[in-house]
Structures are given as C-alpha cells and as structure tokens.
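Data first, discussion second: the structure below is written as structure tokens.
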Amino acid sequence: MTPLAVRDLYAEIGDRLRKVPTRVNEYGFEDHGMEIAAVHRVAFPCALLYRYYFRVETSGIEHVPRGRVLLVANHAGQLPFDAMMLGTATLLEAKPPRVARGMGEYWIPRLPFLGVLAARAGQMVGTPENCAQLLEREECVMVFPEGVRGMNKTFRQRYQLQRFGSGFVRVALQTGTPIVPVGIVGSEEQQPGLLNLERLGRALGMPAFPITPTFPWLGPLGLWPLPVRYRIRFGEPLRFEGDPNDEDAAIEARVGEVKTAIARLLAEGRAARRSVFV
Numbered sequence: 002m003t004p005l006a007v008r009d010l011y012a013e014i015g016d017r018l019r020k021v022p023t024r025v026n027e028y029g030f031e032d033h034g035m036e037i038a039a040v041h042r043v044a045f046p047c048a049l050l051y052r053y054y055f056r057v058e059t060s061g062i063e064h065v066p067r068g069r070v071l072l073v074a075n076h077a078g079q080l081p082f083d084a085m086m087l088g089t090a091t092l093l094e095a096k097p098p099r100v101a102r103g104m105g106e107y108w109i110p111r112l113p114f115l116g117v118l119a120a121r122a123g124q125m126v127g128t129p130e131n132c133a134q135l136l137e138r139e140e141c142v143m144v145f146p147e148g149v150r151g152m153n154k155t156f157r158q159r160y161q162l163q164r165f166g167s168g169f170v171r172v173a174l175q176t177g178t179p180i181v182p183v184g185i186v187g188s189e190e191q192q193p194g195l196l197n198l199e200r201l202g203r204a205l206g207m208p209a210f211p212i213t214p215t216f217p218w219l220g221p222l223g224l225w226p227l228p229v230r231y232r233i234r235f236g237e238p239l240r241f242e243g244d245p246n247d248e249d250a251a252i253e254a255r256v257g258e259v260k261t262a263i264a265r266l267l268a269e270g271r272a273a274r275r276s277v278f279v
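For the sequence shown, position 179 matches number 180 in the numbering used here, and the numbering has no gaps at all.
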C-alpha cells in the first residue's frame, strides 16, 4: 500500500459513488437521511480494510441485479466487519456500483456519534417497514437473518448457521424483490469467541458480552479482527411468489431455501481456500 494507491482508491470511491443509482436531492441527501459525502467518508476506511487488510476476494457479483434486491448473508465475528466488507464489495465491484443499505440492530441509533454517522452512511434500523420502503425505491439492502445469534457465535460454532428470522422473506414477497444469497468466508475466524456471557451483556445494556483470546483483556482493542482473508460468494437470485401474510410454515419453507443456498456457498468457499489467512 503506497500513498499513491491510497489516493487513487479515495478517488475511485468518489467516481463510483457518482454512478450509484440512489436518488438524492441537490444537497446530496436521500429521503431517509443518507448523505453521499458521509458514505464517501465511511467507505474509504472500509475500502482500505477491504483491499489491504482482509484482501477480499469476491465471486458471483454479477448475480446482483439492477434495481431492488435483498442480499442475505451469514453473520459472525463479534463486530460487523462482515457487513462492512459486503457493503464495500457492492460499491467497488458491482456494475453499476451500489450503496448496500444495512438493516441494523435497534440500539445502534442510541450510540453517541456512531448512531448519526451510521444513518448518514445509509444504515437504518432493521424493521420490515424500513426495509420495504428502501426496496420500493429500488435500493440494494443487506440482511443478516441470524442477527446477534450469528455475530456472537463461539469458535466451535463457526459456519454453523443459527436460526434465521423470517421477516426478510415476507418483505421480499410484499415488494416483489429477488433475494441474492451470500456466503462470507473469513468472518467466522476473525475474532474467535471462547464463550458468551449473555447475562452480563444484558446487564451492561449490550446484546452480548463475548470472551475471546484478546477481549476483554486488551479492552476495546481486543475486539480488533485478525487479518483473515475474506471470500465473499454471491449466489444466483432466488425469486419467490405468494402471499406475504401466508402461514408461518409456508414462509419458513422459503427461509429454509435461502439458508440452504448460503450453506452451500459457505461450503464451496471453505473448500476452495488454502488457509484462513491466505
């Protein structure tokens, strides 16, 4: 990584953001508060991690269609670096480039400074209403149906998909949106969890309190991820038809199809790699 490469990457992000199909007003804002200038500021450090730290490899990005789309992926790693890398992939690799809108946890807007920054960068609380509104505006939306259950898995549970929420399928049916399954290999090893003290986490107002080889012993720095190599595989779009208010059993069957597709992408990605770090 050279100063010239860093400068060129910053310029590349700006160029790709000018090609993003998201509709913004004359001041660079869209209706839900996303600001293109803020996206640029957030995307730049993410892109540095993408290119030079995690050295992300992507495949199947051509499966991301124009217009509305749900990217549904596995979740792991204690902190959401997987979401950052998936969003960066859609900006740097997709044609046309997309700003993938994240559906975050309810507590994110409460975080000082970071809550406002997340909103300006295009992230929203993951409610069905917010998701549907974005899709009806032809946006690209990221969903991690495992939620905190996935992010705070222990190392022994790596690549074991946890229970999926079903709301994303109902929204896909409601809005006629294709679902692109995504398998993210690497995040499950980036910060090996030894155990999770859930009660302590709840007492502290946190979704979880992971114990890792470096956290809490090194303080917040102990949650910094290892330099694993990320491999992100995009599967072929899944298109479902039916009633979004259908019985739970019918919805869960479709959730199972998405989960199976993600599991297959993860298995392929793990089989193709030589090492966690290479």
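All residues carry an ideal CB built from backbone N, CA and C; glycine is no exception.
| Item | Value |
| --- | --- |
| Going by other Cβ atoms of all chains shown within 10 Å of its Cβ, with 16 needed for buried, is Ser276 buried or exposed? | exposed |
| Using three-state DSSP, classify Thr59 as helix, strand or coil. | strand |
| Out of Arg230, Gln192, Asn197 and Gly202, point me to the one whose CA is closest to Pro214's CA. | Gln192 |
| Keeping to the same chain, check which residues put their C-beta closer than 7 Å to that of Arg255; ignore five residues upstream and five downstream. | Val170 and Phe241 |
| Give the DSSP bridge partners of Met143, in chain order. | Leu72 and Gly103 |
| What span of residues does the alpha helix (DSSP H) with Pro182 cover, start to end? | First-last for Pro182: Ile180 to Val186, but that is the beta strand (DSSP E), not the alpha helix (DSSP H). |
| Where does Val126 sit, in a helix, a strand or coil, going by DSSP? | strand |
| Just to confirm the assignment, what range does the beta strand (DSSP E) spanning Phe235 have? | Arg232 to Phe235 |
| With Lys260 as the anchor, note down where its alpha helix (DSSP H) starts and where it stops. | Asp249 to Ala273 |
| In three-state DSSP terms, what is Pro221? | helix |
| If you measure between the beta carbons of Arg230 and Arg52, is that distance less than 8 Å? | no |
| On the DSSP bridge assignment, give the partners of Leu196 in chain order. | Ile212 |
| Hey, quick one: how far does the alpha helix (DSSP H) through Tyr45 stretch, first residue to last? | The sequence given here has Phe at residue 45, not Tyr. First-last of the alpha helix (DSSP H) with Phe45: Ile37 to Leu49. |
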